[in-house]
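K.L.:
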Amino acid sequence: MESAYLQKHLGACLTQGLAEVARVRPMDPIEYLALWIYKYQENVTMEELRERELAELEHERELARVEREMLEQLKAEELLFQQQELALQAEIEKQEKERQRMEQLQQSQEQLEKETSADLGKTLAEISDRYGAPNLSRVEEVDEPMLSDTKTETAAKPQGRSREASVLRTSPSPLHVI
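Numbering-wise (this note's numbering), the sequence shown opens with residue 29 and increments by one.
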């Protein structure tokens with residue numbers, strides 16, 4: 029049992045220490061071995077501390093890597109959001125321009141309708157600003173009789189000349205004035 033205890037707690041330390049004493053062959057091997065064991069314990073403690081620090085450092089590096097990936101992902105999402113926002117703003121601006129264009133078109137159409145309705149009762153001379161524009165009067169159209177109406181009227185009238193035809197032939201033509 030004692031050998032197991034010594035083997036467990038002092039085995040590696042004593043083996044390495046005795047090997048060091050045999051290699052160096054100091055004047056006082058016991059003092060040398062004692063100092064070597066103290067230094068060995070200090071080295072073991074420092075090694076454990078160093079391993080703990082390395083583990084913490086590795087853990088911190090892993091956390092920093094995860095945080096960096098999250099930041100990159102957030103930046104990518106923010107960039108995507110900004111691009112979507114810009115696209116939305118561009119679409120809104122496009123729709124606003126289209127709406128303004130439609131309003132202008134509607135206003136110009138209304139204005140054109142007002143102008144044409146105002147010009148509807150005017151003669152060509154009143155509409156035109158040019159010198160020498162003809163001053164023609166307005167002619168109203170009368171309903172002409174249908175083809176069936178004219179057949180019944182011609183059958184009812186005698187075969188002679190109609191009064192209107194004789195008036196047309198006897199009235200002087202305005203083109204023959206000398």
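The beta carbon of each residue, even a glycine, is placed where N, CA and C say it ideally should be.
(1) Contact defined as beta carbons within less than 8 Å: I believe C41 pairs with Y68. What is the distance between those atoms, to the nearest angstrom?
(2) Check whether the segment 72–82 touches the segment 91–99, counting contact only when three or more Cβ pairs, one atom from each stretch, lie closer than 8 Å.
(3) To the nearest angstrom, report how far apart S31 and Q44 are at their CA atoms.
(4) Check M130 in the structure and name its three-state DSSP category.
(5) Considering only their Cβ atoms, is the gap separating W64 from E86 smaller than 7 Å?
(6) Note down the Cα distance separating K36 from E88, rounded to an integer number of angstroms.
(7) Could you tell me the distance, in whole angstroms, from the CA atom of L46 to the CA atom of A83?
P.N.:
On the basis of the supplied data:
(1) Stepping through the sequence shown from its first residue, residue 41 is reached at position 13. Stepping through the sequence shown from its first residue, residue 68 is reached at position 40. Their Cβ separation, rounded to whole angstroms, is 5 Å, which keeps C41 and Y68 in contact under 8 Å.
(2) The segment 72–82 is not in contact with the segment 91–99.
(3) Sequence index remark: in the sequence shown, residue 31 carries index 3 (1-based). Sequence index remark: in the sequence shown, residue 44 carries index 16 (1-based). Each residue's alpha carbon lies about 17 Å from the other.
(4) Stepping through the sequence shown from its first residue, residue 130 is reached at position 102. Note: M130 maps to helix in three-state DSSP.
(5) Against the sequence shown, residue 86 aligns to sequence position 58. Against the sequence shown, residue 64 aligns to sequence position 36. By the CB criterion at 7 Å, E86 and W64 fall outside the cutoff.
(6) Translated into positions along the sequence shown, residue 36 becomes position 8. Translated into positions along the sequence shown, residue 88 becomes position 60. The straight-line gap from Cα to Cα measures roughly 34 Å.
(7) The sequence position of residue 46 within the sequence shown is 18, counting from 1. The sequence position of residue 83 within the sequence shown is 55, counting from 1. Approximately 32 Å between the Cα atoms of the pair.
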